[in-house]
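Numbering (this note's numbering), first residue to last: 10 to 669.
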């Protein structure tokens, strides 16, 4: 798959002043993808294939890492070599003399191959007492960390972090993994916040640290010299200085906050797990996918299991194309493990990049301080939500509304810890993404039992509406993505930029309450059969527990009735005829707070019960009001749809991944 992930680099250009849509918009640097020097393909073997049976016999273990290049060489008549293994049934295979797409096609035709997809290159997208938070005449930018403050008429897209911090400043038991270029562990804002991470960049030249994979996620610099750009492994990558992109994104997630120094982060007290997946000229899909699995606590061949599994993965990287089956497989595993993946939309004004366009991923669009889409942000229906990406609003001079974060002053190798500012602004969906990831970290801190579907549902349901006026003459609604980049400011819609503007305060407030959840499972029923509903997925805020359940049949008593107790976590109903019935579940926690979820069930001969959407979440006190706290069937239906989509795999095409 693709060398994915270009982080949004701190040395991005200044945004042009643009009250009108036709004005220039400063955009993050566009990172080039060089021509292929070698074919690289991710191959997954069928579980019952001869290759897997032979491996199991030879190793004495069904979990041995596949290294099947020699056997595949004999079958295809090609000189192939083994790359690293991703899982017990998948590995990278390399060859010279043909393209990755051609090699993938030939491998896909083999009977014991489940899929083969190009391993493409990706590149990066590019009220506390911290002095840079408040801003002022002595601070650059003078607006300070405007994007964390409460939304106002002039700062429409600000994410309302202080309201969230009034509920929780984050828990050190909640881990947010930052998959990027690595970090500078000596930055004073990060040193105390980092967990032991890992460097997954397998190619030594790309890693630029003298070796391949190892346990040191430090960023040695990712500069490309003019000599490197002219020939060799990095020919065509483009001359650029070191981005320190991972240090920038990590600072937004979890820089030390309220310490009287430097900046504030949205996640405050959450822990940051640095995982290096990008180096010189980006990184590969196989390294990124392996890192995603490791960060979530899943096994990766040849790497010790992560002792600090993350609840949230932040990926400020991507590349063009459709979501491959390898990414879909990874997302299925991660969702099952209870992990939320957040990824940048991209910075080319075109369709949403990989992996932000993969099912189950929280794709993030970038918006200006005024709430309109920033010109460079990619867009499309796959996006979940929008967050500030930084913009300058001037054609010259200091950038007025950049994203301020941690960085390093070195143009090649590291020199000194620093912060981005108006002269060295951070702009791009790379920086929208960690704001969403850090918000999710606060949400899991407030309610550790949230499922990924519940957390994503709350992000969407609490988002503020996009503005449709106020941007000036000539600004129109954003259009569906096409082959032509939409590089001008436009009014976001829910089909182009996600559900709305991120509101961290509203999202954390919504989950810091009792949540009732009904799960029908996957059983099928016909009239005369039974159906069991499960409320054990209901949750209480941090420090509290669910103590009571009450099921009620509110409609359809002529075709269904309870055959079990109605005060337990599960309830069973018998059906006597086709039709529909409605069941409500009220849960109570140890503080006497209650929430209710309602589900309407349609029973037809030979079909699975279908549960239409229930009302969104709202919580009540202990009065017994039935309107509160429901995270009902919209979240379950969304999760089931995502899982089904992941299972309906199709062979993916090659895509490019860059820093966003």
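All C-beta atoms in this analysis are idealised placements derived from N, C-alpha and C, irrespective of residue type, glycine included. Please read these numbers as outputs of a predicted model, since none were measured by experiment.
Exercise for the section: Identify which residue in 57, 436, 247 and 489 has its Cα closest to the Cα of residue 376. Expected result: When each option's Cα is compared against that of residue 376, the closest is 436.
Handout entry: Residues near residue 76 by beta carbon distance below 6 Å, same chain, minus five either side
Key = 91
Handout entry: Extent of the continuous beta strand (DSSP E) run through residue 395
Key = 394–397
Exercise for the section: Could you have a look at residue 202 and say whether DSSP puts it in helix, strand or coil? Expected result: coil
Problem - Own chain partners of residue 546 with C-beta closer than 6 Å, once the 5 adjacent residues on each side are dropped - result: 526 and 528
Problem - Whole-angstrom C-beta distance between residue 354 and residue 188, which should lie under 8 Å - result: With a Cβ gap of about 16 Å, residue 188 and residue 354 do not count as contacting.
Practice task
Say whether the segment 427–444 touches the segment 454–466, bearing in mind that this needs 3 or more beta-carbon pairs closer than 8 Å, one atom from each stretch.
Solution key: no
Handout entry: Where the beta strand (DSSP E) containing residue 81 begins and where it ends
Key = Looking at the DSSP string, residue 81 is not in any beta strand (DSSP E); the run it does join, the alpha helix (DSSP H), is 78–85.
Handout entry: Reduced DSSP category for residue 303 - H, G, I as helix; E, B as strand; rest coil
Key = Residue state, collapsed to three classes: helix.
Exercise for the section: Would you tell me roughly how many angstroms separate the C-alpha atoms of residue 94 and residue 211, rounded to the nearest one? Expected result: If you draw a straight line from the Cα of residue 94 to the Cα of residue 211, it comes to about 11 Å.
Practice task
Inspect the beta-carbon positions of residue 308 and residue 318 and report whether they are closer than 8 Å.
Solution key: Note that the C-beta distance between residue 308 and residue 318 is not below 8 Å.
Practice task
Return yes when the Cβ of residue 60 is within less than 8 Å of the Cβ of residue 88, no when it is not.
Solution key: no
Practice task
Between the Cα of residue 174 and those of 356, 512 and 223, spot the shortest distance and give me the residue it belongs to.
Solution key: When only C-alpha atoms are compared, the closest one is 512.
Handout entry: residue 488, buried or exposed, once every other Cβ within 10 Å from all chains shown has been counted against 16
Key = exposed
Handout entry: Own chain residues within Cβ distance below 6 Å of residue 573, not counting five before or after
Key = The answer, listed in chain order, is 580 and 581.
Problem - Sequence-distant residues of the same chain with beta carbon closer than 6 Å to residue 389, five excluded per side - result: 360, 361 and 490
Practice task
Could you tell me if residue 46 is buried or exposed, where buried requires 16 or more neighbouring beta carbons within 10 angstroms of its beta carbon?
Solution key: exposed
Problem - Inter-residue Cα distance where the pair is residue 440 and residue 412 - result: The alpha-carbon atoms of residue 440 and residue 412 are separated by roughly 7 Å.
Practice task
Find the nearest neighbour of residue 310 within the set 255, 96, 181 and 208, judged by alpha-carbon distance.
Solution key: Ranked by Cα distance from residue 310, the first of 255, 96, 181 and 208 is 96.
Handout entry: Run of the beta strand (DSSP E) containing residue 115, from where it starts to where it stops
Key = Where residue 115 is concerned, there is no enclosing beta strand (DSSP E), although the alpha helix (DSSP H) it sits in stretches over 109–117.
Exercise for the section: For the alpha helix (DSSP H) containing residue 336, list its first residue and its last residue. Expected result: 334–345
Practice task
Just the C-alpha distance for residue 273 and residue 199, rounded to the nearest angstrom, thanks.
Solution key: Distance between the alpha carbons of residue 273 and residue 199: 11 Å.
Exercise for the section: Measure the alpha-carbon distance for residue 337 versus residue 367 and round it to whole angstroms. Expected result: Residue 337 and residue 367 have their alpha carbons spaced roughly 7 Å apart.
Exercise for the section: Quick one: residues in its chain with C-beta nearer than 6 Å to the C-beta of residue 625, no 5 flanking neighbours on either side, listed in chain order? Expected result: Note that residue 625 scores a pLDDT of 38, beneath 50, so its modelled location is shaky; the value from the coordinates is reported in the next line. Excluding sequence neighbours, residue 625 sits near 470.
Handout entry: Option in 148, 557, 568 and 466 with minimal Cα separation from residue 538
Key = 568
Handout entry: Selected residue, minimal CA-CA separation from residue 399, among 391, 406, 384 and 393
Key = With respect to the C-alpha of residue 399, the residue from 391, 406, 384 and 393 having the closest C-alpha is 384.
Problem - Cβ pair residue 505, residue 261 closer than 8 Å - result: no
Practice task
Hey, could you find the ends of the alpha helix (DSSP H) residue 253 is sitting in?
Solution key: No alpha helix (DSSP H) holds residue 253; DSSP gives it neither H nor E.
Practice task
Decide if residue 327 is buried, meaning its Cβ has at least 16 other Cβ atoms within 10 Å, or exposed.
Solution key: buried
Practice task
Could you have a look at residue 603 and say whether DSSP puts it in helix, strand or coil?
Solution key: Here residue 603 sits in strand by DSSP.
Exercise for the section: Compare the Cα-Cα distances from residue 474 to each of 480, 466 and 509 and report the closest residue. Expected result: 509
Exercise for the section: Could you tell me the boundaries of the beta strand (DSSP E) in which residue 514 lies? Expected result: Taken as a continuous stretch (DSSP letters only), residue 514 belongs to no beta strand (DSSP E), being part of the alpha helix (DSSP H) at 513–520.
Practice task
Keeping to the same chain, check which residues put their C-beta closer than 7 Å to that of residue 343; ignore five residues upstream and five downstream.
Solution key: 301, 305 and 350
Handout entry: Whole-angstrom distance between residue 596 and residue 571, CA atom to CA atom
Key = 18 Å
Handout entry: Where residue 83 falls, given that 16 or more other Cβ within 10 Å makes a residue buried
Key = exposed
Practice task
Starting from residue 594, trace the beta strand (DSSP E) both ways and give me its first and last residue.
Solution key: 588–598
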